[in-house]
Every structure is written in C-alpha cells, then in structure tokens.
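Working notes, structure below.
There are 2 protein chains.
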Amino acid sequence: MSLARNIIQGDIRAIARAMTWIENEHEAKEQLIDEIFPDCGRATVWGITGPPGAGKSTLTDQLITRERRQGRKVGIIAVDPSSPFSGGAILGDRLRMQQHATDDGVFIRSMASRGHLGGVAGSTGDAVKVLDAAGFDTIIVETIGVGQTEIEVMGMADIVLLVLVPGLGDEIQALKAGVMEIGDLFVINKADRDDAGKIKAEVEYVLGLKYAENMAAKNPVLMVSALTGQGIDDLHHSLYSYLNLIRSSGTLEQRRRDRLAGELRTIAAAKIEALVHYHLDFEDRLDSWVEMLYSRKESPYGLMNGRIESLIKELTDK
Amino acid sequence: MSLARNIIQGDIRAIARAMTWIENEHEAKEQLIDEIFPDCGRATVWGITGPPGAGKSTLTDQLITRERRQGRKVGIIAVDPSSPFSGGAILGDRLRMQQHATDDGVFIRSMASRGHLGGVAGSTGDAVKVLDAAGFDTIIVETIGVGQTEIEVMGMADIVLLVLVPGLGDEIQALKAGVMEIGDLFVINKADRDDAGKIKAEVEYVLGLKYAENMAAKNPVLMVSALTGQGIDDLHHSLYSYLNLIRSSGTLEQRRRDRLAGELRTIAAAKIEALVHYHLDFEDRLDSWVEMLYSRKESPYGLMNGRIESLIKELTDK
Chain V
1 MSLARNIIQG
11 DIRAIARAMT
21 WIENEHEAKE
31 QLIDEIFPDC
41 GRATVWGITG
51 PPGAGKSTLT
61 DQLITRERRQ
71 GRKVGIIAVD
81 PSSPFSGGAI
91 LGDRLRMQQH
101 ATDDGVFIRS
111 MASRGHLGGV
121 AGSTGDAVKV
131 LDAAGFDTII
141 VETIGVGQTE
151 IEVMGMADIV
161 LLVLVPGLGD
171 EIQALKAGVM
181 EIGDLFVINK
191 ADRDDAGKIK
201 AEVEYVLGLK
211 YAENMAAKNP
221 VLMVSALTGQ
231 GIDDLHHSLY
241 SYLNLIRSSG
251 TLEQRRRDRL
261 AGELRTIAAA
271 KIEALVHYHL
281 DFEDRLDSWV
291 EMLYSRKESP
301 YGLMNGRIES
311 LIKELTDK
Chain H
1001 MSLARNIIQG
1011 DIRAIARAMT
1021 WIENEHEAKE
1031 QLIDEIFPDC
1041 GRATVWGITG
1051 PPGAGKSTLT
1061 DQLITRERRQ
1071 GRKVGIIAVD
1081 PSSPFSGGAI
1091 LGDRLRMQQH
1101 ATDDGVFIRS
1111 MASRGHLGGV
1121 AGSTGDAVKV
1131 LDAAGFDTII
1141 VETIGVGQTE
1151 IEVMGMADIV
1161 LLVLVPGLGD
1171 EIQALKAGVM
1181 EIGDLFVINK
1191 ADRDDAGKIK
1201 AEVEYVLGLK
1211 YAENMAAKNP
1221 VLMVSALTGQ
1231 GIDDLHHSLY
1241 SYLNLIRSSG
1251 TLEQRRRDRL
1261 AGELRTIAAA
1271 KIEALVHYHL
1281 DFEDRLDSWV
1291 EMLYSRKESP
1301 YGLMNGRIES
1311 LIKELTDK
C-alpha cells in the first residue's frame, strides 16, 4: 500500500516517514504531498510564537491537554528555524511535553531548517498537510523565537497566539514593528508576577493605537500561568470564540486562500531556479564568470542580466 | 557628478544614500553597484558574530580603536536579520560605538532585513562593495545573533570572529552543528569571569575533534575582556597574522571567488523569478489557481510543475 494511503489512514510510522521525507527533500516528496492534498483542509492550524523563555512549550502542553479532554487528535510541529544556540533549550522544552508521548491522539515532531528554497515555512506547510490528511483535528505549529522566519512560519496558521512575559521591558516597543500584526490573541504568561499588569497595559496600548478599528476580538489579551494552569481554560475558550468569529466573517477562508497562493509562489520560485540554472549551464560556466568578476572585467548585475537576456532570446528564437 | 563617482571619492553623504538605495531596492541600485564594482576588492572584510549578549559591539568598538590608531579607515555594517525583539538592544549597542561618531575615518550603518530575494546577505554584500569602493580599508560586518541568516551574512567576510562568553553552558554542544565551521578565530569575551576557562576548554575540544588536521591558526581561541580592553591587542595581532596566513595560502582569494559565485547565484535566482512570473502572468492567474487548489481540483506541486513545463514548451516552440 502506498505511503499516502497509510498516512490518510492515520498510520503513525507513515506520518513519521513523511516528515523525514519533507525535511530531507526526498525526491518523491512532491508526489506524496500531491497525493494526500485532496484529503487536506479539515484540520484547524494554531500558531504559537513569542520570544525565547516566554513559556510557549508549557502553554502548548496545557492546550494539548484541553484538546484531548474534548476528544480531538492533536499534532504538534515544533519549528526551530535557525539558531543552533537554542539546541539545548529545545530539547528541554520538548521533554516537558512527553506526558503526551504515550497518547496515540498526540503526535509531536521537531523540524529544523535546512536552508532550502521555500525554507522552513515551506517545509512546515507540507508537514501540516501530512497531519491534516492523517486526520489530526488540531495542528499546533510552535516556533522557538520570533524573527522573520518565524513570522513566515506563522503564515501557515489559521490563528496565531503571541505569547509574552513580564520583564521584556522596553522591548515591547520593538513589538510594534511587525510582530504585533501576526497575533490574533495575545497571551501574557507568568501572569502571577508583579509586573504582569504592566505588560498587559503596554500590549493593549499598542493594540489600541493600531488596531482600534478592526480589532476582531473583544478581549484579545489574556493573562495565564502556563505552569499552574491558571487562565488556560479561559484562553482555550477565547481561542474557539475567535475561530468561530473568523470562520463566520470569511477571514478564515481568505487566510487559507492566501496561504495556498503563498505556497504556489514558493514552489514556482524553486522550480524556476532549478530550470533556468539548467538552461544557463550555470554550474559549468560559473568558474569563468567568477574569473571575469574577480579580474573586474565584468560587473555582477551586468553579467547576469546579459546572460539571462541571451538565454531568453535563444529559447524564443528556436 | 554621478553618485558612483561621489562614492569612489569617499563622500559620506553619497555613501549613506547608496546604503538607503540598497535597503530599499532602489531601481538604479544595480547600475550603481556595477559602476562602483571596478573600484572594489581593496578592503579587508571582517565578520563578527556570536550569540546575543556576547559583547560583540563592545569588541567591535575596541577593534575600531586599534584600526584607527594604525591609520586605517573603518566601515561598520551592523546587520539585524530578523528579530524585532532585539530592537532595543541594537540601539543600545550602537550607542556604545558613538565615541567614533565624530571620526571621519569611521562609518557606521545598521541594516535590517526586508525579506527580498537574496535577502540580507545580498544587501550586506552590496553595502560592503559601497564601503570598499569608497576607500575604507577595513569593513566590519557585525550580526546581532547567530542563526542561518547570520551564517549567510558571514559568507561576505574574509575572516570571521566568533564571539562567545562563559555561561553558555550545554549550548556549546549546539555549536558543533554549523556555527563552528564559520569561525576563523574564536574570541572568549568576559574572560575575567571564573568560568571562562571552562568554555575555552570546550571550544578547543570541539575544534580539536573536528579541525585537528586543517587548523590553520596555531592559537585560534583568544581570551579577552572587551570592556576593560584586556587581550584586545593580542586579538588584533592574531587577526592580522591569520589574514597573512590565508592570504599567502591562497585561501583568501578562494573565499573571495566563492563569494562572487554566491552573488551570481543570488542575482540569477532573483532575475529568473521576476522573468518567469512575467511570462506566466503569475499575478493575473494566481486567483484562479488558488481556486483550483482550494476546491481540491488540483494539487500544488502538480499544478505548478504543469504550468512551468507548458511555459518552457511555449517559449521554445515559438
């Protein structure tokens, strides 16, 4: 029986093998994704992001428990887009989720970046499709930090939780630049700390300034303690309220369409690069081109523009 | 007089304008880079990277002072590839370098990522060319953290200093995966701390395991205190010894050739993408493609592969 068929029947070993294919860019990966694609589109995808140390994994752990209580199967993709320095932390965070390790209704997988075109966001999108086709009801995509790549990864989610903690200090100001836009719900973790109210006020201030008109949720800033579980039930409830809101407004469908468009862009870019490299004899000619640059006989943009124009002329003149 | 001519004459306002052109992908940027390219290739490019809080900016500051004492003009490009969360820290770090702000022989510029194709490494490469053509003897490229993008940015340097501090703990293990490879010299900052010897031993152990055969420098691990200046003269001396070593061995020339090859790859990818998007009427057809995916009538890889094959056939049949 085919790998695709096994995935669709929810076979855990097939799912794990597919994840490895995605990470390693296996030559049959594209066909596999195409085969399972008709069975995708049923899962809800949650993105959880925030700075290192915000307690994202503990929060994820708590949310998994809530989902399991309501009988939903949960897949978790933990994405570490970049920093080799956080290797130790990831391992520790993952271990915290091991209470679900023996639960057949929970699948946890870490994915690292390999620097391919399409990158980690593309791989995450394919991994989400595998879990979706395999019948997981909720797929949680969790990132390690918050950077450009993490923002791209969050583009794979239907709803994004931005997790913050007291003590970020002035850095809340930096949030204004790009990160606040991707959050649907803002979770202040470690809310039992004295300075938790301050960060809540700051987040609400930033939200109020920029999103007063189109703020979909009445109460998008939630105080929790992931460690003790305080506020998690409320958060879980708000999350579903928000999902219902964006489902009925059409925002959810639009997000999913935008995501498909983004995927097409990524695929096209990768295909096109491979293709024209082939037609330009890129690798064979590269040494002589470098020699022309190194000796300053040609300039980089001029050289490449010239070669590509010639290629097109050649292709169209045939 | 042209912008390129002003840059080559070292005009600071022209340099600053060129940097803005690079950041904003100004339409005349490519022509500008091509015009100054014949005047490039004289500067030595240092890369300084390491985890946040390692003291990279303070170290850079100290090295600038040494370079200025020896009469060299120094350009600094501070690259923040991603994290909006470190916004506050960057500002603080930059301010520390302000003692050089009134020195005409020092030019400091921060560059943020804009997510273009070629990305921050491509922009950094172009910024290096501007400072090189403008007559800066030493160009220091400093990154904020250490991730995949920072590793790419370090590909623009002739020599890379990896800055570490005591207290990284188990995370030194994570260094094995990718980051150690990019370092030429390993600088242990805050060497006056009790646990500094431990990290030095760990780095040397990792180096010894992986690089015993081709370790170019006799003493690649240096202990400094960027704050007090302790060990900086030795580091500065080692840096020049290492540069002489790789210059006479041919490694430096090979690195510069590899860098030019990488730039050609990046330019080719960007050009080709723009071109085929045009020929595919990508933007006009995108909505109908998304509709086919959303209704599961087509699959993403199959759809895109089919369209690109048709395009090539179309172009070659004409």
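Chains as they are written, first to last, in my numbering: chain V, 1 to 318; chain H, 1001 to 1318. Ideal Cβ positions, reconstructed from N, Cα and C, are used throughout, including at glycine. Please read all numbers here as calculations on a predicted model, not as lab measurements.
Considering only the beta carbon of each residue, do residue i and residue j sit closer than 9 Å?
i	j	result
Q230 of chain V	V224 of chain V	yes
A196 of chain V	L59 of chain V	no
Y242 of chain V	D184 of chain V	yes
L1164 of chain H	I1199 of chain H	yes
V130 of chain V	I33 of chain V	yes
I1188 of chain H	V1203 of chain H	yes
A1016 of chain H	E1035 of chain H	no
V79 of chain V	T20 of chain V	no
D1104 of chain H	T1044 of chain H	no
I1022 of chain H	M1111 of chain H	yes
L1280 of chain H	L1245 of chain H	no
V1106 of chain H	R1069 of chain H	no
A1121 of chain H	G1155 of chain H	yes
W46 of chain V	D158 of chain V	yes
Apply the 10 Å Cβ neighbour rule to residue i and answer buried if 16 or more other Cβ atoms are within range, or exposed otherwise.
i	result
A18 of chain V	buried
Q9 of chain V	exposed
K1056 of chain H	buried
I1151 of chain H	buried
K331 of chain V	The structure shown does not extend to residue 331 of chain V, since chain V spans only 1 to 318, so no value can be given for it.
D287 of chain V	exposed
A269 of chain V	buried
T102 of chain V	exposed
P1300 of chain H	buried
S1238 of chain H	buried
T228 of chain V	exposed
D1061 of chain H	buried
G50 of chain V	buried
G1075 of chain H	buried
I1064 of chain H	buried
Which first and last residues belong to the alpha helix (DSSP H) in which residue i is found?
i	result
G1122 of chain H	1119-1133
G1262 of chain H	1251-1279
T1044 of chain H	Unbroken run through T1044 of chain H is the beta strand (DSSP E), 1044-1049; no alpha helix (DSSP H).
L59 of chain V	56-69
A226 of chain V	Run containing A226 of chain V: none; DSSP gives neither H nor E here.
T20 of chain V	12-23
S288 of chain V	282-294
R5 of chain V	3-8
I1036 of chain H	1029-1036
Run through chain V and tell me which residues come within less than 7 Å of residue i, C-beta to C-beta.
i	result
I1272 of chain H	I272, E273, V276, I308
W1046 of chain H	The premise fails here: W1046 of chain H is roughly 20 Å from chain V at the closest Cβ pair, so nothing lies under 7 Å.
A1261 of chain H	L286, V290
N1305 of chain H	K271
At which residues does the beta strand (DSSP E) containing residue i begin and terminate?
i	result
L1164 of chain H	1159-1164
A78 of chain V	74-80
L1185 of chain H	1185-1188
T143 of chain V	138-143
M223 of chain V	221-223
Kindly list, in the order they appear in chain V, the residues whose Cβ is closer than 9 Å to that of residue i.
i	result
F1282 of chain H	L264, R265, A268
G1302 of chain H	E30, Q31, D34, F37
S1123 of chain H	Going along chain V, no residue has its Cβ under 9 Å from S1123 of chain H, so there is no contact; the nearest lies around 13 Å.
S1241 of chain H	Ordered by position in chain V, no residue passes the 9 Å Cβ test against S1241 of chain H, which lies about 25 Å from the chain.
Using a C-beta to C-beta distance shorter than 9 Å, which residues of chain H count as neighbours of residue i?
i	result
S249 of chain V	Under the 9 Å cutoff, chain H gives no residues; its nearest Cβ is about 17 Å from S249 of chain V.
Taking residue i as the query, report the chain V residues whose CB atoms sit under 8 Å from its CB, ordered along the chain.
i	result
R1256 of chain H	Y294
Whose Cβ in chain H lies nearer than 8 Å to the Cβ of residue i?
i	result
Y205 of chain V	Under the 8 Å cutoff, chain H gives no residues; its nearest Cβ is about 17 Å from Y205 of chain V.
S238 of chain V	Per Cβ cutoff of 8 Å: no residues; S238 of chain V is ~24 Å from chain H at best.
S110 of chain V	Residues of chain H passing the Cβ test: none, with the nearest at roughly 13 Å.
S2 of chain V	Here the premise fails: no neighbours, minimum Cβ distance about 15 Å.
For residue i, would you say it is in contact with chain A, using Cβ-to-Cβ distances shorter than 9 Å as the test?
i	result
G41 of chain V	Of the protein chains in the structure, V and H, none is chain A.
Please list the partners that residue i has in chain H, where partner means a Cβ-to-Cβ separation under 7 Å.
i	result
S225 of chain V	Those do not exist, as S225 of chain V stays about 22 Å from chain H at its closest Cβ, beyond 7 Å.
Listed in chain order, which residues of the stretch 1014-1037 of chain H have Cβ atoms closer than 7 Å to some Cβ of chain V? E1030, I1033, D1034, F1037
For the stretch 54-69 of chain V, which residues have a CB atom closer than 7 Å to at least one CB atom of chain H, in sequence order? none
Under 8 Å (Cβ pairs) to chain H, residues found in the stretch 180-193 of chain V: none
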